Amino acid sequence: MAELTINNIKVNAEDGMTILDAAKSAGIAIPTLCHIKNLFPTGACRICSVEVEGQRGLIPSCAYPVYEGMVVETNSSRVRRARKTIVELLVENHPQDCLICVRNKNCELQDLSAQYGVREHRYSGEAKDHAIDISSPSMERDPAKCILCGRCVRICNEVQQVGAIDFTKRGFQSIVTTPYNKGLNISDCILCGQCILVCPTAALRERSQTKDVANALGDKKKFVVAQIAPAVRASLGEEFNMPLGTDVTGQLVTGLKRLGFKRVFDTNFAADLTIMEETTELINRITTNKTLPMFTSCCPGWVKYIEHNRPELLDHVSTCKSPHEMEGAILKTYYAKKIGVDPKDIFVVSIMPCTVKKFESSRAELSEEHMPDVDAVLTTRELVRYFNMAGIDFCDLPETEFDSPLGESTGAAIIFGTSGGVMEAAIRTAYNTLTGNELDTLEFEQIRGFEGVKELTVNINGSDFNFAVVNGIGNIAKVLDDVEQGTSKYHFIEVMACPGGCINGGGQPIHQKPEKVIKRIKALYEIDSKMIFRKSHENESVKTLYKEFFIEPNSHKAHEILHTHYHSRKK
Amino acid sequence: MHKQIFEKYPPKDKSNLIALLQGVQEIYGYLPEGALQEVADFVALPLSRVYGVATFYNQFRLTPLGENVIRVCRGTACHVCNSANILFSLETNLGIKAGQTTRDKRFTLETVACIGACSIAPVITVNDEYYGKITVKEIPNIIKKINLAKPVADKQKAGVK
């Protein structure tokens, strides 16, 4: 322990703690830009500079450990002047188009500029000028707005370990970009959007499709249908100042109806269907000694990762389409026939917590005769903007139920939104398929939570089945190595590219607080625990769908409509 | 052609990255894209990181050099003696920016920090020849002289790379 003085307040700090953390523990705020909690400090931006007695220059508090008797001043006029100069220099090398910027009112540079009272242009010089990268259907990269804090580079390299972008060139020419500045779509980027979540400005953002959706809604001939992913309902309320982890399912359905959607369905229906198809596939693979372990295929970021990096292992990936693609496929086949609408006139909009889903919906593997299963994908953030644009007062909306029959779901489907959820749902149903009995306890604490690789062994009918959950694509390399060498002990492995699962997806509201994610996850598990039906095979509408259309899981027709194959993207 | 460079180093050791890049550049005169990817795979780093290193250091080139290399000194003494305008004149006459190579691969234009010939500032070098106390007026003649001295190679005339 070390006792130090910060702004004349006595603070007790643990040894090895940084000044920044010690100040935070005492309720003293120090601004940061390049800092990411739990990652090694780089001290690049210097906005966290403080004065330390006995030191000549200012000290970056994020990278400096405390010691006994240290005297720190975080808010002296010298510190404030230094910080203001940093902000002024950043602002002058920035487009300053806040009025038309997508991150207006949610921008760290804008906040700092306001906080330090930047009121004039003191440094008028050459400002950097870079083209916007719009090569990807999921994301846009606008290097002119980049302040080179490096948070995206660190998330991409150290957390996700994808390494699609990095600092290139130097000095005034410095730019965060892909190899040869070629555009995200032809790089190894998996488009997970974790970089968007940490970007302080709008240098990284989603590729908006609100215009496509608005055009479709304005087209009288189109039958526009929405489907909502499980993770969206637990996070969207945040943007309307509701308490963290508020379940806004009912308001969402009403809101979407008011925007003009003819039907609002639940992606959870297709999640239940995915479990039926995926567990059947798994059991088939086990009983017929086919390629094992099997990986889940719900996460398009993970699918893109394996296509780029380990295409030789693609046989291990389940052939199931992801839930929202399944829902789209059923809407344009089974449902279109049922309501007598030409599938070409049905326009499916997925509301997703994810940026990769935009890319996924444009894949040729996921369309039938030039008719995509899903026509447009809106992220949670885009939907919030759309609600605001339409003048909808979200908090005051009454609650409405999902439309039938593609709106029914069980508790197993709602937990798809968090890491470990798909696996938990699969085990609940696999146990029933193999034994004919139901599980006593439905919750598996071992595969919940934030650990990188979570393991679980379940004894079914006398034999042990090994399951694993990979939480965040950065933890996948070792697992894939084992599979490649044939030493993997697992039967079934769930992979989610984003740490925490879809609930922390690249399309979710932007925040810099990890505790928000925990509250969102809690909300999903709570919805599950309150459901009467908590196993996918108990979903009545899914049962009807099999009876009327697919006959049984993995039937020929199911394979045609609900399954697909992916291909190598290795260069 | 560059495979033998890899034999000198252990794989998956990123500390050899710069030495490897130097080895590749020694063979080709620049860093070809394919070779950069191979180096990245060899040291087990993402291509973006290797590209970042290659663009950070001035010694690495990502495009082949032209037949003639013109270097403009942008050191303090030359700057005071109008080297910015010399550079501008070269850029307009050749139709390229500093750091680029003309489409016909005849000229590469580069800037250098100081070539240690301040007494005859402003200075440019063409290949290994020094031109001191140069004025903007002389630039077109210098380019013309090089063109006459070293006629375009026959294969380039025919449009073969």
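Chain order of the listed sequences is P and B. Taken in order, the first sequence gives residues 4 to 574; the numbers are from the working numbering. Taken in order, the second sequence gives residues 177 to 337; the numbers are from the working numbering. Where is the CB? At the ideal position from N, CA and C, for every residue including glycine. Just so you know, these numbers come straight off a predicted model, no measurement behind them.
DSSP assignment within the segment 189-233 of chain P yields the following whole alpha helix (DSSP H) runs of 4 residues or more, N-terminal first: 197-201 and 213-221.
B/Arg225 sits buried, since 16 or more C-beta atoms from the chains shown fall within 10 Å of its C-beta.
DSSP places P/Ser353 in the strand class (E or B) of the three-state scheme. For P/Ala471, the pairing in a beta bridge is given by DSSP as P/Glu458 and P/Ile496. Counted as a single uninterrupted DSSP element, the stretch harbouring B/Phe283 is not any alpha helix (DSSP H) but the beta strand (DSSP E) occupying residues Phe283 to Val288. Across the structure, B/Val229 and B/Lys190 are spaced so that their CA atoms are roughly 11 angstroms apart. At a cut-off of 9 angstroms between beta carbons, P/Thr181 contacts chain B. When secondary structure is reduced to three states using DSSP, B/Arg250 falls in the coil class, being assigned neither helix nor strand.
Interface annotation, P/Thr171: in contact with chain B, CB-CB separation under 9 angstroms.
P/Gly394 is not a Cβ neighbour of P/Asn474, given a cutoff of 9 angstroms. Runs of the beta strand (DSSP E) lying entirely within the segment 297-355 of chain P and spanning at least 3 residues, in chain order: 349-355. Contacts between B/Ser224 and chain P, judged by CB atoms closer than 7 angstroms, involve Gly166, Ala167, Ile168, Asp169, Thr181 and Pro182 in chain order. Take P/Met20, set aside five residues on each side of it, and the residues of its chain with a beta-carbon closer than 6 angstroms to its own are Val69, in chain order. If you check each beta-carbon in the segment 180-212 of chain B against every beta-carbon of chain P, the ones closer than 9 angstroms belong to Glu209 and Leu212.
The closest CA to that of P/Leu381, considering only P/Gly57, P/Phe268, P/Arg388 and P/Ile354, is found on P/Ile354. Looking at the DSSP output, P/Leu381 bridges to P/Ile354.
Across the set P/Ser238, P/Arg366 and P/Val235, the C-alpha of P/Arg366 shows the shortest separation from the C-alpha of P/Pro140. A residue is called buried once 16 or more other Cβ atoms fall within 10 Å of its Cβ, and P/Ile554, having fewer, is exposed.
One Cα belongs to B/Pro316, the other to B/Gly271, and the distance between them is close to 12 angstroms. Relative to B/Ala220, the option among B/Lys188, B/Thr239, B/Thr277 and B/Ile300 whose CA is nearest is B/Lys188. When Cβ pairs closer than 8 angstroms are counted between the two stretches, the segment 267-277 of chain P is seen not to touch the segment 144-163 of chain P, the count staying below three.
With the rule of 3 Cβ pairs closer than 8 angstroms, the segment 256-263 of chain P does not count as touching the segment 518-537 of chain P. Taking P/Ile12 as reference, the option from P/Val320, P/Met4 and P/Ile31 with the minimal CA-CA separation is P/Ile31. Put simply, the segment 513-522 of chain P touches the segment 238-255 of chain P. At least three CB pairs are less than 8 angstroms apart.
In the structure shown, the three-state DSSP call for P/Asp145 is coil. For B/Tyr307, the closest of B/Cys254, B/Leu207 and B/Gln213 by C-alpha to C-alpha distance is B/Cys254. Bridge partners of P/Glu6 according to DSSP: P/Asn15. Taking a beta-carbon distance threshold of 9 angstroms, B/Leu238 counts as an interface residue toward chain P. Taking a C-beta distance under 9 angstroms as the contact criterion, P/Pro314 and P/His570 qualify as a contact pair. Per DSSP, reduced to three states, the secondary structure at P/His562 is helical. In the displayed model, B/Ile291 falls within coil according to three-state DSSP, outside both helix and strand. Using a Cβ-Cβ cut-off of 9 angstroms, P/Asn469 is close to nothing in chain B; its nearest Cβ partner there is about 29 angstroms away.
Of all alpha-carbon atoms in P/Phe405, P/Ala415, P/Phe390 and P/Cys302, the one lying nearest the alpha-carbon of P/Asp399 is that of P/Phe390. Under the Cβ criterion of 9 angstroms, B/Phe232 is counted among the residues facing chain P. Taking 7 angstroms as the Cβ-Cβ cut-off, the segment 248-273 of chain B has no residue approaching chain P. Annotated three-state conformation of P/Ser539 is helix, per DSSP.
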